[in-house]
Every structure is written in structure tokens, then in C-alpha cells.
Amino acid sequence: ANKKLLVLPGDGIGPEVMREVGRVVGWLGRERGVRFDISEDLVGGASVDAYGVPIRDEVVAAAKAADAVLFGAVGGPKWKDVPFELRPEVAILRLRQELELFANLRPATVLDPLVDASTLKPDVVRGLDIMIVRETVGGIYFGEPRGIEDLPGGGQRGINTEIYTTSEIERVARVAFDLARVRGGKLCSVEKSNVMESGLLWKQVVTALGERDYPDVELSHMLADNCAMQLVRNPRQFDVIVTGNLFGDLLSDLASMLTGSLGMLPSATLGGVLPDGRRPALYEPIHGSAPDIAGTRQANPLAQILSFAMLLRYSLKMEAEAAMIEAACTRVLSSGLRTADIMSPGMARVSTSVMGEAVLRE
Ligand code: NAI
Ligand code: MG
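Mind the numbering: the sequence shown is residues 3 to 364 in the UniProt record's numbering, read in order.
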């Protein structure tokens, strides 16, 4: 049977960059005989305007039934002052929760033609290719107790609790070990086991899992503050990094800036394997809906196209096609084409659709 994809372009530049993925999908059908069952729907502000909610139950159900979800971006100034449950971002939060997408994969890759876009020196980042795996449904953002309490003597206290269980740690670590196995064979587990009990358990569980099931993967441990320093000092020492929700949030944003181009970075969020063998997964660029440039044909479509390449690799096991799309993106950049966000002297500035067409040609 054809693989089922749910496409959710969202708001702002979301639909603009998704259109360029459509070209690639069309090409795969025509030239390689790869057919998908694709359905498309509204999410975010577009759904608020059309249906009064950021995501409909039918769309959540379709996401659960799909082999993978390709997401654009949601949000914008138009929906800034609405009640929380009507905020466009609720769409992505609900999908993460209902599909139990617990492992967020954030590659930070420096493509050769863009080595000068990095905030670091070219010789520090040339060839950089790291993958940060962040736990996304547990940890301090979700732990109980939480809240703001009045103190008897006056004043208040704000409480958040970091809780991680063995199974929560194991399932995300397994994703990271599996990735390390097919990449450079190295995994670095990051926590603060020196000052946090949840971090100590994290380290113990990852160590035990490594010894038991992944003796072929070279496992190391690093404290989160040191990891932040090492990512800036010598980022190429890392292959795969696995960490909890809070540290992963910070470190993955830090790592993305090493590459210097928001419009280039894809991501994936994976859930657990279901009884029928499918694994819920959502792919999206890390950038938002960029309302400041929406409608101006300036958006860089490469992050969305590379998110589709990740979908092919991780959800559909189409490694050859994924690698082909990635190589095409690199060749387009080598040929000197740039969207505004990655423009540099001597390069040719092109629009969203010209960039998409160029990828297709390559
Ligand atoms: P943003 O990522 O949308 O934009 C930040 C800056 O980068 C802007 O100057 C924008 O023009 C530029 N930029 C982003 N993607 C680009 C691309 N593909 N090509 C060229 N330039 C690009 O982040 P911002 O401005 O903080 O948020 C805008 C809206 O997006 C907000 O409503 C926010 O809530 C939402 N957002 C949604 C996300 C999602 O859907 N997962 C993630 C992040 C933000
Ligand atoms: Mg963040």
C-alpha cells in the first residue's frame, strides 16, 4: 500500500515553503515511481480562522493514522492576543502530546558552501554534522508539583519539578543509540548528575542500556554546562547527543546557531513503535512562520525540503532518496544560489520558487 502522509503547511511562510516540497514529491512520483497517499489540512491560525480551533479532532485522528506528518510552521501577529486554547502553537503541542512524540531529533549540519555563515571560524565548523536528541514530553516542563504558592511569611514561591523515570529515559536513549549506530558510532549523554537526582538516574539508565544492548556504540557522559562550552569550543567532537527536555531545548538552539542559518535546519520528532509496526513521527523545519517576510517570496525552502528528506530516511526507510535530496540542496548552494537569509557577497539572490526549481533540477 502507498505510504500515508499528512501535510500541514500552517501559517505565514509555512504554505510557501511547503509548495516547494510539493515539487519534490511530484518528481519522486514521475521519475522514481514513488507514490504517496497525501492529505493536506489547515492547522494553526489558518485553522482558527476557518474552524475556530487551532487543530480539529479529525486532523489529530488523521495524524495518528498516517505513516508520517510533514508540518510547516504556525503562528503570527494576527493571533497573538487570543486565549491560550486558541493560540496557533496549540496545534503542534496537541500533536506532540496525542502522538506521544517523545524524541526530538535536531541535526546541526554545516554544508560546505555555507561554512562562512557560521558564527564560528570556518576551520572549527567545516564538515560539522551533529544530531541532538532531546526528550520532549517529560522533565521539568511537565513535572508535578508545579505552581506558584503563597508563603506564610509573605512573598511567594514558584515550583517546577524534574522527574524522569527509567522507561522515559530508556526509550529516548534507545532512539539516540540507534542513530549513533547508523551514524558515527558515538553517543554523548548529557545531564547534571553532579547536582540533580534525575540526572544521576539518567546517567545510570543510559549506561546500563549501553552495556546491555549497544556495546558497539562508544558512550560518553558530559555535564550540561560543559557541553554548552564544548559545543562552541570544538563542536566536531560530537556525533549524537542525548539529553533531557530542558538541557535539550537550550543546547539544540545553541547548536543551530553554529550553522548560522535558521532557514536551513530540519527536525524530526518521533514516538514509540506501535503494535502495527508504525512509528508516529512529525517532521518540521526549526524556523517559525516568519511573518516579517511572509508573502514576499523570500523564504528559504531548504529547511522544509530537508525535513521531507528526514521523513523519507526515518519514517519510510528511503535512504537513497533522502541522500539524493540532501545532495541536491548542497549542489544548488555550491552553484551560488542563495535566498535572502543566507545571502553573501558574490552569490545570486533568488526567490523561494527559484530555489525550489533549482533543487528539482539537481
Ligand atoms: P521565525 O523562525 O519565524 O523567524 C525568525 C527570523 O528568521 C525572522 O526574521 C524570519 O524572517 C527569519 N526566517 C525564519 N525562517 C526563515 C526561512 N525559511 N527563510 C528565510 N528567513 C527565515 O521566529 P519568530 O519570528 O520568533 O516567530 C514568528 C512566529 O512563528 C511566531 O508566531 C512564533 O510563535 C512562530 N513559531 C512557530 C514555530 C513552529 O511552528 N514550530 C517555531 C518557532 C516560532
Ligand atoms: Mg527552544
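For every residue, glycine included, the Cβ atom is placed at its ideal position computed from N, Cα and C.
Rounded C-alpha distance that separates Asp69 from Lys319: 12 angstroms
CB-CB length for Ala322 against Pro268, believed under 8 angstroms: In fact, because the Cβ distance is near 18 angstroms, the residues do not count as touching under 8 angstroms.
Quick check: the region 277–295 against the region 8–18, are at least 3 beta-carbon pairs closer than 8 angstroms? yes
Using a Cβ-Cβ cut-off of 8 angstroms (strictly less than) and excluding sequence neighbours within five positions of Met357, which residues of its own chain qualify? Glu22, Asn302, Pro303, Leu304, Val334, Leu339 and Thr341
Integer Cβ distance of Leu101 from Pro282, believed to fall under 8 angstroms: 4 angstroms
Would the region 234–244 and the region 125–138 be scored as touching if the rule is three or more Cβ pairs under 8 angstroms? yes
How is Pro17 classed by DSSP in three states: helix, strand or coil? helix
Please tell me whether, using a cut-off of 6 angstroms, the distance from the CB of Ala119 to the nearest non-hydrogen atom of the ligand NAI is below it. no
Helix, strand or coil: how does DSSP classify Asp114 here? helix
Measure the CB-CB distance between Thr261 and Ala110 and report whether it falls below 7 angstroms. yes
Grouping DSSP H, G and I as helix and E and B as strand, with all else coil, what is Ala182? helix
As assigned by DSSP and simplified to three states, the class of Glu164: coil
Any chance you could list the beta strand (DSSP E) runs of at least 3 consecutive residues sitting entirely within the region 272–335, in chain order? 283–287
Is there at least one non-hydrogen atom of the ligand NAI closer than 6 angstroms to the beta-carbon of Leu264? yes
Where Asp39 sits in the DSSP three-state scheme: strand
Pick from Arg176, Thr163 and Leu44 that is closest to residue 1, judged by C-alpha positions: The structure shown has nothing for residue 1, since the chain only spans 3 to 364.
Could you check the C-alpha separation between Leu253 and Asn228 for me, to the nearest Å? 11 angstroms
Inter-residue spacing [alpha-carbon to alpha-carbon] between Asn236 and Ser120: 13 angstroms
Is it the case that the region 46–61 contacts the region 29–36, given that we only count it when at least three CB pairs across the two stretches are under 8 angstroms? no
Taking the Cβ atom as the reference point for each residue, do Val55 and Phe104 lie within a distance shorter than 7 angstroms? no
Coil, strand or helix - Thr245 by DSSP: strand
Taking the continuous alpha helix (DSSP H) assigned at Ala3, which residues delimit it? Run containing Ala3: none; DSSP gives neither H nor E here.
Apply the 10 Å Cβ neighbour rule to Gln158 and answer buried if 16 or more other Cβ atoms are within range, or exposed otherwise. exposed
Strictly by DSSP, which residues pair up with residue 366? Nothing can be reported for residue 366: it is not among the residues displayed for the chain, which extend from 3 to 364.
Could you check what DSSP says for Asp255 in three-state terms: helix, strand or coil? helix
I'd like to know whether the C-beta atoms of Thr298 and Leu113 end up nearer to each other than 7 angstroms. no
Within the present structure, is the beta-carbon of Ala75 separated from the nearest heavy atom of the ligand NAI by less than 6 angstroms? yes
Going by DSSP, what residue range makes up the alpha helix (DSSP H) through Ile132? From DSSP, Ile132 is part of no alpha helix (DSSP H) but of the beta strand (DSSP E) over Asp131 to Glu137.
Ser191 - containing beta strand (DSSP E), residue span: Lys188 to Glu193
Roughly how many whole angstroms lie between the Cα atoms of Glu193 and Glu172? 14 angstroms
Residue from Glu220, Val62, Asp51 and Arg128 with nearest C-alpha to Gly93: The amino acid occupying residue 93 in the given sequence is Ala; Gly does not appear at that position. When only C-alpha atoms are compared, the closest one is Val62.
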